[in-house]
Amino acid sequence: MGSLLQRRQYLLILLCFFVFLWESRTAESRTLYYRWEVKSELKSPDCFKKLTLTINGRSPGPTIYAHQGDTVIVELKNSFVTENVAIHWHGIRQIGTPWSDGTEGVTQCPVLPGETFKYQFVVDRPGTYLYHAHYGMQREDGLYGSIVVWLPEGQTEPFAYDHDRNLILTDWYHKSSHEHSAGLAAPGSAFNWVGEPDSLLIQGRGRFNCSLGASATCNSSSPDCVLYPITVVPGRTYRLRVSSLTSLSALSFQIEGHTMTVVEADGHYVEPFQVSNLFIYSGETYSVLIKADQNPSRNYWITTNVVSRNSTTPLGLAIFNYYPNHQRKFPPTTPPAGPAWNAVAPRLAQSHAIKARQGFIHPPPKAADKVIVLLNTQNTVNGRRRWSLNNVSFNMPHTPYLIALKNNLLHTFSQAKPPTGYDFKNYNIFDPPPNPEATVSDAIYRLDFNSTVDIILQNANMMALNTSETHPWHLHGHDFWVLGYGEGKFDMFKDPSKYNLVNPIMKNTVPLHPFGWTALRFVADNPGVWAFHCHIDAHFFMGMGVVFEEGIEKVQKLPTSIMGCGESKRFIRP
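With mature numbering (1 follows the signal peptide of the UniProt record, and there is no 0) as the guide, the letters of the sequence shown map in order to residues -29 to -1, 1 to 545.
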């Protein structure tokens, strides 16, 4: 009897051991599979019916939920009839998988209609991230979504909350991205700027005033445009992940009657600070903590409004719904309008306030090996309106850089060295460009592997007098330290002494404020080819970007699935 009991105890211990091993293995890393189909469908996200790009019938697309260390596999089927596609995983560094970055022309050929492409990558850091189209200007037609990466099971955040919610903020046009790109590429007087968005969407929903016309294509009772509700239980604290994927607009986000505590930015913990409104730029993600501590007998407005542009776009609206009130019950108040569009000081103040949280500081290298100053200007090239950096406007080659560099196809793009600065002494950033005619190039910056690189983004006057716009800049493949912001012209002799080297936040997207500068530092330690560009769709389309190469010889053999365009056709065997 005793022997039987011992055997049972032994088997139980053995079973528990194997369960422990299995749970440990799955806790360390899982593989998550997604099958997505992209296609065009008629949707009415702001009540106005428009051809929308969807994933599995949805815009925004499905949210990816994962734990740190998980492998994500997305099988993307392109069911567009005549249109290519590529998806960028915004904020995912793609360490060891640069071919999955999803940047057409830089890391891959586009996915052709009818084809299926497999993206595979590891989510190596917890936080709030995004995905979106990176082919042409498709993002503005609805092809985007969220990535939420949790800590490994058993680990906790340095802040407490009861529930986790997620919101994406976007702007929305009734014209298609095809119409916009055609207007932007047109020469001379045929040039047509995209104009101000028709609506602002919160989690893919908004309200356009159908009485303004187009009654045949606008239906205010469409279920597509019912305002999005966030339901909260009185007394509880919510982590709200707020992201922006606007194609043009800088936004202010606010919840009527509630204060927000900022705790995360682009996947990094922030030394907490409170705001009544959150300024957010395209490509940025934040987590804020909100306590449902107001009168629970009513609902409250969530609003977004355009800042940094004198926009005609109406407020974006959603409902902060106190349970058990009905989700569609409008608040009894007028939606809060948010701050003035031209108030630069509070936007700069928020930028300065974002520091790394104590206990989670990653100190930057004390000095840079290379400094690149990028003067942002508006120009013309052969009669066409363009955006330029140091008077050079970027054009994408036909053969993606990653393929060309790895296969020694160096003749497929310019081997000239792009300029690392401008005429600092004589250039007046408050005047229109003295030489409005820029040049076009597809040359790239070749960085020494593991070198420390400083980027100084310098804003300047556009071609019209007294105009300078906000530019959100996004770096693929890396996070960077935000060393500082300043007004006016960057002084290369004095301003570096003002850098924050103590507790700078790390981010992947950062604003360049009007007539100001922003200083970044990163380490070129991720083998591959990485885009760095303005995240305003129209600006990148018009040449506002550069490309960095680092450690290309360390990149493993490229999958043939990324090939098939330009001179990479030779590597595809029939």
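We treat Cβ as the ideally placed atom computed from N, Cα and C, and that holds for glycine.
I'd like to know whether the C-beta atoms of V259 and L216 end up nearer to each other than 8 Å. If you check the CB distance, V259 and L216 do not come in under 8 Å.
Going by Cα to Cα distance, which pick from R6, A339, R356 and G459 is closest to G28? G28 has its Cα closest to that of R6, out of R6, A339, R356 and G459.
Count the other CB atoms, across all protein chains shown, that sit within 10 Å of the CB of I173; report buried if there are 16 or more and exposed otherwise. I173 counts as buried, since no fewer than 16 other beta carbons sit within 10 angstroms of its beta carbon.
Can the beta-carbon of H445 be found less than 8 Å from the beta-carbon of T480? Yes, these two residues count as a Cβ contact at 8 Å.
According to the neighbour-count rule (16 or more other Cβ atoms, all chains shown, within 10 Å of its Cβ), is G455 buried or exposed? So G455 ends up on the buried side.
For I476, is the classification buried or exposed, using 16 other Cβ atoms within 10 angstroms of its Cβ as the cut-off for buried? Buried, because 16 or more other Cβ atoms sit within 10 Å of the Cβ of I476.
Figure out for me which residue from V56, P530 and V363 has the closest Cα to the Cα of P390. It is V363.
CA-CA distance, W265 and S30? Here residue 265 turns out to be Gln, not Trp, going by the sequence shown. Going by the C-alpha atoms only, they are around 32 Å apart.
Buried versus exposed, by CB contacts within 10 Å (16 or more), K528: Per the 10 Å Cβ criterion, exposed.
Determine the direct distance from the alpha carbon of D135 to that of G206, and round the result to whole angstroms. C-alpha of G206 to C-alpha of D135: approximately 15 Å in a straight line.
For R(-5), which three-state DSSP category applies? In this prediction, R(-5) has a pLDDT of 42, which is less than 50 and means its spatial position is unreliable; nothing more can be read from the coordinates.
If you draw a straight line from the C-alpha of P303 to the C-alpha of T25, how long is it? If you draw a straight line from the Cα of P303 to the Cα of T25, it is about 34 Å long.
Nearest by alpha-carbon distance to V93: which of G499, P16, V165 and P69 is it? The alpha carbon of V93 has as its nearest neighbour, out of G499, P16, V165 and P69, the alpha carbon of P69.
On the CB-based measure, 16 or more other CB atoms within 10 Å of its CB, does K377 come out buried or exposed? Counting of Cβ neighbours within 10 angstroms places K377 among the buried residues, the total reaching 16 or more.
Buried or exposed (CB count within 10 angstroms, at least 16 for buried), G354: It counts as exposed.
Under the three-state DSSP convention, the category residue 549 falls into: Shown here, the chain extends from -29 to 545; a query on residue 549 therefore has no answer.
Output yes or no for whether 8 Å exceeds the beta carbon distance between Y440 and P485. Going by the sequence as given, residue 440 is Glu instead of Tyr. Yes, these two residues count as a Cβ contact at 8 Å.
So what's E46 in DSSP terms, helix, strand or just coil? E46 falls in the strand class under three-state DSSP.
Kindly say whether G107, judged by its beta-carbon, lies nearer than 8 Å to any beta-carbon of chain D. Absence of chain D from the displayed structure is noted, only one protein chain being present.
What's the C-alpha gap between T208 and D133? Rounded to the nearest angstrom, the two C-alpha atoms are 5 Å apart.
V56 - containing alpha helix (DSSP H), residue span: It is not in any alpha helix (DSSP H) - V56 carries neither H nor E in the DSSP assignment.
May I have the straight-line CA-CA distance separating L47 from K460, to the nearest angstrom? C-alpha separation (whole angstroms): 45 Å.
Is the beta carbon of N430 less than 8 Å from the beta carbon of W488? Yes.
Kindly indicate which residue of D195, P200, I44 and H239 has the alpha-carbon position closest to the one of K478. In terms of CA proximity to K478, H239 leads the group D195, P200, I44 and H239.
Around the C-beta of T53, are 16 or more other C-beta atoms found within 10 angstroms, so that it is buried, or is it exposed? T53 should be labelled exposed.
Kindly indicate which three-state DSSP category Y88 falls into: helix, strand or coil? Note that residue 88 corresponds to Phe in the displayed sequence, not to Tyr. For F88, the three-state secondary structure derived from DSSP is strand.
Can you give the beta carbon distance from D195 to S15, rounded, assuming they're within the 8 Å contact cut? Sure, about 4 Å apart at Cβ, within 8 Å.
Please go through the same chain and pick out, in chain order, the residues whose beta-carbon is closer than 6 Å to the beta-carbon of N361, but skip the five residues on each side of it. L346, P390 and Y393, listed in sequence order.
Quick one: any contact between the stretch 115 to 122 and the stretch 95 to 106, if contact means 3 or more CB pairs under 8 Å? Taking a contact to require three or more Cβ pairs closer than 8 Å, the stretch 115 to 122 and the stretch 95 to 106 qualify as touching.
Report the rounded CA-to-CA distance for A495 versus V424, giving the unit in angstroms. Near 7 Å, if we compare the C-alpha coordinates of V424 and A495.
Tell me whether F365 sits in a helix, a strand or coil according to DSSP, three-state version. In this structure, F365 counts as strand in the three-state DSSP scheme.
List the endpoints of the continuous alpha helix (DSSP H) containing P372. Contrary to the premise, residue 372 reads as Tyr rather than Pro in this sequence. Here the alpha helix (DSSP H) through Y372 covers Y372 to K377.
Using the Cα positions of D508 and T256, report the straight-line distance between them to the nearest angstrom. Cα atoms of D508 and T256: separation of roughly 17 Å, rounded to the nearest angstrom.
Along the chain, where does the alpha helix (DSSP H) containing G154 start, and where does it finish? Start and end: S148 to A156.
Quick one: residues in its chain with C-beta nearer than 7 Å to the C-beta of K337, no 5 flanking neighbours on either side, listed in chain order? Exclusion of the five residues before and after K337 leaves L472 as the residues of its chain whose Cβ lies within less than 7 Å of its Cβ.
How far does the alpha helix (DSSP H) with A289 in it extend, from its first residue to its last? Unbroken run through A289 is the beta strand (DSSP E), G287 to Y293; no alpha helix (DSSP H).
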